[in-house]
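This note's numbering puts the first residue of the sequence shown at 4, with every later residue one more than the last. The structure under discussion appears below in the form of structure tokens.
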Amino acid sequence: MNPLIVVDAQKIGFMEDHKDLMEKMNPNDISSLTVYKDSLVCKKYGSNSGVIVITNKKFILDTFYKNNIENSPLKGKIKTPEDLLRIGVINDNPKSKNQPYDELYKYIYTYNINEKIKKVAKITFINPEESIKINSEWINGAIEIDAAIE
4 MNPLIVVDAQ KIGFMEDHKD LMEKMNPNDI SSLTVYKDSL VCKKYGSNSG VIVITNKKFI
64 LDTFYKNNIE NSPLKGKIKT PEDLLRIGVI NDNPKSKNQP YDELYKYIYT YNINEKIKKV
124 AKITFINPEE SIKINSEWIN GAIEIDAAIE
């Protein structure tokens with residue numbers, strides 16, 4: 004059997020390929036170790052030969068991420084890109100097809116203390132008619148934030 008190894012919610016790989024990592028792990032750092040042979044769990048992780056899930060007391064990557072977003076209400080609704088120009092949110096960016104929405108990410112404050120984590124913010128245009136169907140408070144855009152470990 005060659006089970007899949009998952010450490011701190013990250014797929015590491017299969018046991019035979021990562022024996023050295025398992026040998027280097029300090030048993031005193033392990034909070035829990037669970038062996039799954041159930042077919043549903045194995046399908047979830049994409050392994051036919053079982054899954055070993057290890058949770059450490061302290062993440063191996065030694066990663067901590069803190070995100071702080073503050074919102075302040077605008078006096079009026081933003082219905083067009085020109086509205087953003089009037090309130091001074093937009094900088095010049097003539098190369099952008101998604102102007103002015105891709106400029107908004109500059110106003111998202113994030114703080115991280117580990118350089119392995121990079122902030123990723125994407126502004127996506129939403130057709131106003133479609134956005135109202137989803138949420139009547141949305142007007143023209145959506146902000147999508149994700150963190151990636153490199």
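Even for Gly, the Cβ is constructed at its ideal location relative to N, Cα and C.
With a 10 Å radius around its C-beta and 16 neighbouring C-beta atoms as the bar for buried, classify residue i as buried or exposed.
{"i": "A12", "result": "exposed"}
{"i": "V10", "result": "buried"}
{"i": "K22", "result": "exposed"}
Quick test of your reading: residue i and residue j, contact by CB under 8 Å. State the CB separation rounded to the nearest angstrom.
{"i": "K40", "j": "G53", "result": "5 Å"}
{"i": "D32", "j": "N51", "result": "No, D32 and N51 are not in contact; Cβ-Cβ is about 29 Å, not under 8 Å."}
{"i": "E19", "j": "N29", "result": "That belief does not hold up - the Cβ atoms of E19 and N29 are roughly 22 Å apart, past 8 Å."}
Check whether the Cβ atoms of residue i and residue j sit closer than 7 Å, and answer yes or no.
{"i": "L36", "j": "I15", "result": "no"}
{"i": "V44", "j": "I55", "result": "no"}
{"i": "L7", "j": "F17", "result": "yes"}
Can you tell me which of the three DSSP states residue i falls into?
{"i": "N31", "result": "helix"}
{"i": "K22", "result": "helix"}
{"i": "K14", "result": "strand"}
{"i": "L7", "result": "strand"}
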